[in-house]
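Q: Everything in the sequence shown is counted per this note's numbering, starting at 1187 for the first residue and increasing by one.
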Amino acid sequence: MKTVRIISIAALAMSLAACGKQNEDAAAPANTVAAEASAAPAAGGQNWTETVSVTADGGFRMGNPDAAVKLVEYASFTCPHCAAFEGEASEKLQAYVQKGTLSWEFRPFLLNAMDVAPSLLAGCQGPGPFFKLAEQLYADQPNWSMKYQGLAQAEIQRIQALPETQQFLALAKAGGLDQFFGARGLPAAKAEACLTDKAAIDKLVALRAIGTDRDGVTGTPTFLINGTNAKDTFDWASLEPKLKAAGA
């Protein structure tokens, strides 16, 4: 499996639909996410928002695995539209998840090489803190993505000349993501191990292929409801009626 080459950094995009709207949310506070991942109180029984696992396809699923409605979200960490959806819909989706009638699976989708480092680091501490980390990554997206956009051509060429397994480590540092995740409890040595894990990189590339070849992903965010592509659905206003109609 070939990984996403650094050459695509220069173009900053693959041939999928681009995102344009910037999220204006403030950066999340620096703290240890592992302690926050289980902050939601249980409502008279199983707290399904605390049940997070890695799926067979490589996504992160929150909620009852036997929920009647299974939502899959393909999203890019560099996509501003995805950031806007996260800010608008995360708490509302978790309210459905808490009832046990809906599970929410997030599948990182590579739009460009810049997506690789945040996708690897978001899952580096295991599934438990993934959704909280994703929420904070999106809230801080204008800051770290701007660092990527400002990379000088000489720096791009320097990173491109590195061995492939070192390129995403260098990108994480260039975007300040090593410090971002370090402030949220990820040790530097573990971050480096995740960023240079070729098998993990290959899984992200494979997940992108699953999205495009099997699930009809042509841009982000894209949603599946019980395995069916919910076409023309890009925000909470268009998604929620479809979830209700499915029985969430």
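All C-beta atoms in this analysis are idealised placements derived from N, C-alpha and C, irrespective of residue type, glycine included. Keep in mind that this is a model prediction, so the values were computed, not measured.
#1: With a 10 Å radius around its C-beta and 16 neighbouring C-beta atoms as the bar for buried, classify R1370 as buried or exposed.
#2: Hey, could you find the ends of the beta strand (DSSP E) L1257 is sitting in?
#3: Based on DSSP bridge pairs, tell me the residues matched to S1239.
#4: If you follow the alpha helix (DSSP H) that W1234 is in, where does it begin and where does it stop?
#5: Taking 6 angstroms as the limit between beta carbons, can you name the residues of its chain near E1274, skipping five residues before and five after?
#6: Which value, in whole angstroms, describes the spacing of the CA atoms of E1341 and L1363?
#7: What runs of the beta strand (DSSP E), each 3 residues or longer, lie entirely inside the stretch 1253–1323?
#8: Out of curiosity, what's the CA-to-CA distance linking T1287 and A1253?
#9: Round the Cβ separation of M1248 and T1235 to the nearest angstrom and send it over; I've been treating them as touching at under 8 angstroms.
#10: Label M1332 either buried or exposed according to how many other C-beta atoms from any shown protein chain fall within 10 Å of its C-beta, with 16 as the threshold for buried.
#11: Measuring CB atoms only, is the stretch 1396–1406 touching the stretch 1289–1302, in the sense that at least three cross pairs come out at less than 8 angstroms?
#12: Between A1431 and the rest of its own chain, which residues show a CB-CB distance below 7 angstroms, the 5 nearest in sequence each way excluded?
A: In terms of the structure at hand:
#1: Position 184 of the sequence shown, counted from the first residue, corresponds to residue 1370. That one is buried.
#2: Residue numbering aside, residue 1257 sits at position 71 when the sequence shown is read from its first letter. Counting along the chain, the beta strand (DSSP E) containing L1257 begins and ends at V1255 to A1261.
#3: One-based indexing of the sequence shown puts residue 1239 at position 53. DSSP output for S1239 lists R1247 as bridge partner(s).
#4: Numbered from its first residue, the sequence shown carries residue 1234 at position 48. Boundaries for W1234: no alpha helix (DSSP H) harbours it, and the DSSP string shows neither H nor E there.
#5: For the purposes of this step, residue 1274 is identified with residue 88 of the sequence shown, where counting begins at 1. The beta carbon of E1274 sits closer than 6 angstroms to the beta carbons of W1422 from its chain, once the five residues preceding and following it are set aside; these are given in chain order.
#6: Translated into the one-based positions of the sequence shown, residue 1341 becomes position 155. Translated into the one-based positions of the sequence shown, residue 1363 becomes position 177. If I take the Cα positions, the gap works out to 17 angstroms.
#7: Inside the stretch 1253–1323, DSSP marks whole beta strand (DSSP E) runs of 3 or more residues at positions 1255–1261 and 1288–1294, from first to last along the chain.
#8: Here residue 1287 is taken as the residue at index 101 of the sequence shown, counted from 1. Here residue 1253 is taken as the residue at index 67 of the sequence shown, counted from 1. Straight-line Cα distance between these residues: approximately 5 angstroms.
#9: In the sequence shown, the residue the question calls residue 1248 occupies position 62. In the sequence shown, the residue the question calls residue 1235 occupies position 49. That belief holds up - the Cβ atoms of M1248 and T1235 are roughly 6 angstroms apart, short of 8 angstroms.
#10: Locating residue 1332 in the sequence shown gives position 146, counting from the first residue. Exposed, since its Cβ has fewer than 16 Cβ neighbours within 10 Å.
#11: Contact holds: three or more Cβ-Cβ distances are below 8 angstroms.
#12: Within the sequence shown, numbered from 1, the residue matching residue 1431 stands at position 245. When the five nearest sequence neighbours on each side are left out, no beta carbon in the same chain lies closer than 7 angstroms to the beta carbon of A1431.
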